[in-house]
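Only one structure is covered here, and it is reproduced in the block below.
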Ligand SMILES: [Zn+2]
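In my numbering, the protein residues as written are 53 to 237.
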């Protein structure tokens, strides 16, 4: 699906939002395989996703495609769910602006690529490979690591669309994903 420019509504429409949730499912599948999480394991319970229109979070970087927030949900002591959760907040306008400018990029594979990237950040927080709180230098290094891992995860699919996105990713998204302050549950 190619994205049509809607000058007055720079936010995802309902069809695009449905596609985003399917992309998230596909991306989670790749992560489960890559890290050998079982599909029903804790990983699927430690994140959720919102779009810019559904949240009041302000991006700390105006060019980022997404930002990750952390929060502690209210749970019973016996709950099997993780005590900390992460929220991916997509910045509709930044994503749509890039896709409007580059009609060669298709929406669905682009979102699978982007969400695989965001889920790798989260998987690494959850496994203690990288702390959520870090300074700018560490953030930059972690971003590069996650970009490399995203290529590794998706290159195994041998999919033309992923190769295309991968070769352009650093150019179209030069900034690391910000990790926002913990959000209120
Ligand atoms: Zn990132």
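Cβ coordinates follow ideal geometry from the N, Cα and C atoms, glycine included. Because the structure is a prediction, the values reported are computed rather than measured.
Judged by their CB atoms, residue 143 and residue 118 are nearer to each other than the 8 Å cut-off.
If you draw a straight line from the Cα of residue 192 to the Cα of residue 116, it comes to about 13 Å. Separation of residue 216 and residue 182 (C-alpha to C-alpha, rounded to the nearest whole angstrom) is 28 Å. Using a 10 angstroms sphere on the CB of residue 202, the tally of other CB atoms reaches 16 or more, which defines it as buried.
Here DSSP, grouped into helix, strand and coil, assigns residue 118 to strand. Distance check between residue 99 and each of 172, 145 and 154 places 172 closest, using alpha-carbon atoms only. The beta carbon of residue 86 lies closer than 6 Å to those of 205 in the same chain, with the five residues before and after it left out. A distance of 8 Å or more separates the beta carbons of residue 218 and residue 121. Per DSSP, the unbroken beta strand (DSSP E) holding residue 102 starts and ends at 99–103. Looking at the backbone, the Cα of residue 165 and that of residue 190 are separated by about 23 Å.
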